[in-house]
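Report on the following structure.
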Amino acid sequence: MIFPAVRARLIFLALVCVFLNASLIAAQEVTPAETAGNTNAATPPALLDSRVTATQDRARLVLDLTTPTEFAVHTVADPMSVVVELRAQTGDAEDTNQPAGDGLITSYTVDTPGSQRVRVTLSLAGPAQVQQSYILDAFEDQPARLVIDLVPDTAENFAANVRDTQAEEAEVETAPTETALDGRQTAPGETATATDAVRPLVVIDPGHGGVDGGARATNGLEEKNIVLAFALKLQNLLVETGRFDVALTRDTDAFLTLSERVALARQNQADLFISLHADSFDQADVRGASIYTRGDLATSDLDRVLAENENRADLVAGFSPPEDEGAVDVLVDFLARETRRQSYLAGQALIEQLEPSVQLRRFPLRQADFFVLNSPDIPSVLIELGFLSNSDDTQNLTTDAWLDRVAAALARGVAVYFDGRRTGQ
Ligand SMILES: [Zn+2]
């Protein structure tokens with residue numbers, strides 16, 4: 002598989018707060034023009050840092066880069082490994098046999114098989130396949146990143162991927178000239194084929210995080226953890242369909258301002274933004290799931306209070322609440338109206354799928370003035386999975402079977418919504 006940089010739907014993961022400062026200084030020193038996002042500059046992309054996190058169930062390779070670049074992923078049988086090649090300079094990033102714990106990846110090596118070529122070899126504990134791979138553009142104080150996710154797979158599928166890699170390599174060796182990584186040849190048109198396969202980008206936004214725990218159940222469980230676990234479930238289901246690229250605004254217990262959440266989605270031109278919450282309310286009998294789209298006039302007082310509380314989330318971490326700029330011109334206003342219509346259609350599709358299997362609030366498709374729903378150009382919904390102030394809901398929100406059922410229903414709803422968009426709804 003060759004993934005050209007142009008294919009990269011500049012997706013962002015908010016792996017905030019960690020490890021980035023040193024890399025950023027390096028980025029500025031090496032190629033200031035490139036960190037400003039100029040991918041056509043003469044200076045080739047450079048690898049700044051690499052890291053692997055691995056459990057038995059999944060593993061992730063993250064490569065910090067000065068700018069997006071081309072990459073290819075191969076599966077190798079002996080020793081069992083996944084090899085990522087990219088066009089980039091390494092600087093000091095070479096590393097041999099870095100241990101990666103006792104998860105899916107046991108160790109990894111970064112080396113430079115040629116000039117402007119970096120190869121990362123991920124040694125596997127067992128058969129695995131690439132679940133998704135994508136490049137994120139540099140954004141504010143974060144470098145560009147190549148992210149590769151691996152999940153366990155059967156020996157048969159692994160063997161098939163090895164054969165695909167071998168077939169690609171054979172093709173590369175016999176095909177007419179076109180520059181490939183490492184100066185080998187690649188078939189003309191191969192890049193174009195990959196470029197065609199741009200999937201809609203769904204950004205999932207698990208609410209709260211870090212110092213902002215969100216609502217808290219009587220058993221001490223925090224909203225931020227419930228919605229993060231649920232977001233990962235939903236991401237998996239959507240990725241498994243093969244129809245969507247799916248990014249999370251946060252995939253760790255990190256604090257993000259409301260503006261950052263919206264900016265991540267807008268910068269990447271997301272096709273759908275889904276914010277996840279499980280708030281509490283001072284009437285313990287209020288329960289059930291509901292979905293919000295943006296509306297200045299809240300459906301009820303409860304909805305208005307919920308939105309006001311959510312919009313104050315930044316204060317918890319010492320930031321001032323975000324200012325809503327509102328529609329600035331006729332074009333934005335027009336766009337915003339169409340986006341609201343699409344948001345409503347998305348909410349409707351999600352509710353229809355939830356209805357048979359989940360207790361919903363009366364009139365479950367509601368409106369309130371949630372700040373995170375304010376992108377004028379991205380259909381956005383906020384899902385209240387339930388209320389942690391209600392004991393039945395709390396029970397559900399801590400039951401895996403219930404969470405799986407809801408995630409599956411929402412994944413179906415997303416597919417139905419995009420089916421509708423394709424037919425020009
Ligand atoms: Zn919340």
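For the numbering used here, add 1 to where a residue sits in the sequence shown, where the first one is 1. The C-beta atom is built at its ideal place from N, Cα and C for all residues, glycine as well.
Limits of the alpha helix (DSSP H) - the one that residue i falls within
{"i": "Ala308", "result": "Asp302 to Asn312"}
{"i": "Arg429", "result": "Residue numbering for the chain in the displayed model covers 2 to 426; residue 429 lies beyond these limits and cannot be assessed."}
{"i": "Gly421", "result": "Asp401 to Arg423"}
{"i": "Asp50", "result": "Element bounds for Asp50: not the alpha helix (DSSP H) but the beta strand (DSSP E), Leu48 to Ala55."}
{"i": "Asp112", "result": "Run containing Asp112: none in the alpha helix (DSSP H); it sits in the beta strand (DSSP E), Ile106 to Gly115."}
{"i": "Asp393", "result": "Ser392 to Leu398"}
{"i": "Glu86", "result": "Element bounds for Glu86: not the alpha helix (DSSP H) but the beta strand (DSSP E), Ser82 to Arg88."}
{"i": "Leu265", "result": "Leu259 to Gln268"}
Any non-hydrogen atom of ligand 1 within 7 Å of residue i CB
{"i": "Glu309", "result": "no"}
{"i": "Glu170", "result": "no"}
{"i": "Gly289", "result": "no"}
{"i": "Glu261", "result": "no"}
{"i": "Ala218", "result": "no"}
{"i": "Glu224", "result": "yes"}
{"i": "His278", "result": "yes"}
{"i": "His209", "result": "yes"}
{"i": "Gly215", "result": "yes"}
Selected residue, minimal CA-CA separation from residue i, among the options
{"i": "Asn162", "options": "Val131, Lys234 and Thr253", "result": "Val131"}
{"i": "Asp375", "options": "Gly104, Arg341 and Leu351", "result": "Note that residue 375 is Asn in the sequence shown here, rather than Asp. Considering only alpha carbons, the answer is Arg341."}
{"i": "Ala409", "options": "Ala266, Ile352, Ser124 and Glu311", "result": "Ile352"}
{"i": "Val407", "options": "Ser392, Gly387, Gly421 and Asp420", "result": "Gly387"}
{"i": "Val240", "options": "Leu229, Ala171, Val203 and Arg118", "result": "Val203"}
{"i": "Ser392", "options": "Phe282, Arg305, Gly319 and Ala416", "result": "Phe282"}
{"i": "Gln99", "options": "Arg118, Thr122, Ala290 and Leu87", "result": "Thr122"}
{"i": "Ala290", "options": "Glu157, Ala73, Leu389 and Arg146", "result": "Leu389"}
{"i": "Glu224", "options": "Gly210, Leu235, Asn237 and Leu233", "result": "Gly210"}
{"i": "Leu64", "options": "Thr219, Ser321 and Ile149", "result": "Ile149"}
{"i": "Thr258", "options": "Leu298, Gln354 and Pro323", "result": "Pro323"}
{"i": "Asp246", "options": "Ala73, Leu307 and Gln270", "result": "Gln270"}
{"i": "Ala416", "options": "Pro69, Val83, Leu66 and Leu238", "result": "Leu238"}
{"i": "Thr300", "options": "Ala266, Arg267, Phe371 and Pro357", "result": "Phe371"}
{"i": "Asp304", "options": "Gly127, Thr399 and Gln284", "result": "Gln284"}
{"i": "Leu316", "options": "Phe274, Val212 and Thr400", "result": "Val212"}
{"i": "Asp297", "options": "Glu309, Arg288, Glu157 and Asp206", "result": "Glu309"}
{"i": "Val119", "options": "Ser82, Pro207, Asp50 and Arg413", "result": "Asp50"}
{"i": "Arg423", "options": "Pro128, Gln343 and Ala232", "result": "Gln343"}
Closer than 8 Å to chain B by CB, residue i
{"i": "Ala216", "result": "The chain inventory of the structure shown lacks chain B, comprising one protein chain alone."}
Cβ separation of residue i and residue j, assumed to be a contact under 8 Å, to the nearest whole Å
{"i": "Thr294", "j": "Val382", "result": "6 Å"}
{"i": "Thr113", "j": "Thr97", "result": "Contact doesn't hold; Cβ gap of about 12 Å is too wide."}
{"i": "Thr107", "j": "Leu48", "result": "About 22 Å; that fails the 8 Å criterion."}
{"i": "Pro46", "j": "Thr76", "result": "Not quite, the Cβ-Cβ distance comes to about 24 Å (not below 8 Å), so this is no contact."}
{"i": "Ala171", "j": "Leu273", "result": "Incorrect: roughly 40 Å between the Cβ atoms, too far for contact."}
{"i": "Ala279", "j": "Val228", "result": "6 Å"}
Terminal residues of the beta strand (DSSP E) in which residue i lies
{"i": "Arg146", "result": "Ala145 to Pro153"}
{"i": "Leu137", "result": "Ala129 to Leu137"}
{"i": "Leu62", "result": "Ala60 to Leu66"}
{"i": "Arg362", "result": "Leu361 to Ala369"}
{"i": "Asp96", "result": "Asp96 to Pro100"}
{"i": "Glu385", "result": "Ser381 to Glu385"}
{"i": "Phe320", "result": "Run containing Phe320: none; DSSP gives neither H nor E here."}
{"i": "Pro207", "result": "Leu202 to Pro207"}
{"i": "Val77", "result": "Phe72 to Val77"}
task = Answer yes if the segment 58 to 66 comes into contact with the segment 145 to 158, meaning at least three C-beta pairs across the two stretches below 8 Å, and no otherwise.
result = yes
With a threshold of 8 Å, are at least 3 pairs of Cβ atoms found where one atom belongs to the segment 242 to 258 and the other to the segment 359 to 371? no
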